[in-house]
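One structure is given below, encoded as structure tokens.
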Amino acid sequence: MNFRDLVYRLYARRVEGRLDHDQVPKHIGVILDGNRRWAKASGGSAVQGHQAGADKISELLGWCDETDVEVVTLWMLSTDNFDRPEHELKPLLGIIENTVRNLAADGCWRVHHVGTLDLLPPETQAVLKEAEEATSHIDGIIVNVAVGYGGRQEIADAVRSLLLEHAEKGTSFEDLAEVVSTDLISEHLYTRGQPDPDLVIRTSGEQRLSGFMLWQSAHSEYYFCEVFWPAFRKVDFLRALRDYAARHRRYGA
41 MNFRDLVYRL
51 YARRVEGRLD
61 HDQVPKHIGV
71 ILDGNRRWAK
81 ASGGSAVQGH
91 QAGADKISEL
101 LGWCDETDVE
111 VVTLWMLSTD
121 NFDRPEHELK
131 PLLGIIENTV
141 RNLAADGCWR
151 VHHVGTLDLL
161 PPETQAVLKE
171 AEEATSHIDG
181 IIVNVAVGYG
191 GRQEIADAVR
201 SLLLEHAEKG
211 TSFEDLAEVV
221 STDLISEHLY
231 TRGQPDPDLV
241 IRTSGEQRLS
251 GFMLWQSAHS
261 EYYFCEVFWP
271 AFRKVDFLRA
281 LRDYAARHRR
291 YGA
């Protein structure tokens, strides 16, 4: 361990020691951004960057477990990412599949897919379904793996699901219009039954949501971190929690 690492470790302990666990967010959404730029800066390939980013996930979940976080949503692949060239997209999907398998094999997390399955290759769909089924009994952190996810797509899917459900019941459009509410739409989101994210973290210095959890993040706090995702450290995570605890959430009041 070099001197710099020692200083960071001591600083992380200091921040953690002052952390009020009663003020820790229960649901954290993370936009895992900067894998390719990290790889380019270090002289590696995009695939190496995505793998390094995938390897960081287990560390993050360990930190969340230590600080009593209950739900973590990881944006691993957006609907926009399907525009990437095949030579990059195919290995990225393979890395995601292996990561999801490993999360399920850990036996610590309850894996839940959020996104549109139909957009994904059959083998990716199978991995996500198997991981969700295999971990459904686990009483641990809920880990939402956002794969093939887009915020606008989620809202469209929720409305479609709502319409189909009431069509099967024979509800008229007039009657449906009378009962439609934000709560009713929320019941058809990918994250139905879960609390909305208290905190959304985005790495890499970008200060935008890019469509991440548009519905659920209406009252979320945002934390934008300059570091690329593969280089994200525990001290960066603790700073985000400290920053969140210092804010006063008024929910418009």
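Using this note's numbering, the letters of the sequence shown map in sequence onto residues 41 to 293.
Where is the CB? At the ideal position from N, CA and C, for every residue including glycine.
Residue state for His152 is assigned as strand, using DSSP reduced to three classes. The alpha-carbon separation between Tyr263 and Ser257 amounts to approximately 12 Å. Bounds of any beta strand (DSSP E) do not take in Tyr284; it lies within the alpha helix (DSSP H) bounded by 274-285.
Note that the C-beta distance between Gly180 and Gly251 is not below 7 Å. Rounded to whole angstroms, Gly69 and Leu168 show a C-alpha spacing of 19 Å. If you draw a straight line from the Cα of Lys274 to the Cα of Val112, it is about 16 Å long. Taking the CA atoms as reference points, Glu261 sits about 30 Å from Asp123. Rounded to the nearest whole angstrom, the CA to CA distance from Leu203 to Gly93 is 38 Å. A residue is called buried when at least 16 other Cβ atoms come within 10 angstroms of its Cβ; Glu266 does not meet this threshold and is exposed. Separation of the CB atoms of Val185 and Met116 is rounded to 6 Å, and the pair is thereby assigned contact status at 8 Å. In the three-state reduction of the DSSP assignment, Ile178 falls in the coil class, being assigned neither a helical nor a strand state. Taking C-beta atoms under 8 Å as the contact rule, Leu132 and His90 qualify, at a distance of about 5 Å. In the structure shown, Glu261 adopts extended strand secondary structure according to DSSP, grouped into three states. DSSP lists Trp115, Val154 as the bridge partner or partners of Ala186.
A straight-line Cα-Cα distance of about 19 Å links Gly210 and Glu227. The Cβ atoms of Leu143 and Trp149 sit closer than 7 Å to each other. Under a 10 Å Cβ-count criterion, Pro270 is classified as buried, with 16 or more other Cβ atoms of the shown protein chains found around its own Cβ.
Residue state for Arg248 is assigned as coil, using DSSP reduced to three classes.
By the criterion of a C-beta distance shorter than 7 Å, Val151 is surrounded in its chain by Val140, Leu143, Ala144, Ala171, Glu172, Thr175, Val183, Val185, once the five residues flanking it on both sides are discounted. For Asp73, same chain residues with a beta-carbon under 7 Å away, outside a window of 5 residues either side, are Arg242, Thr243, Ser244, Glu246, Trp269 in chain order. Sequence-distant partners of Gln193 (beyond 5 residues in either direction) whose C-beta falls short of 7 Å from its own C-beta, in its chain, are Thr119, Thr156.
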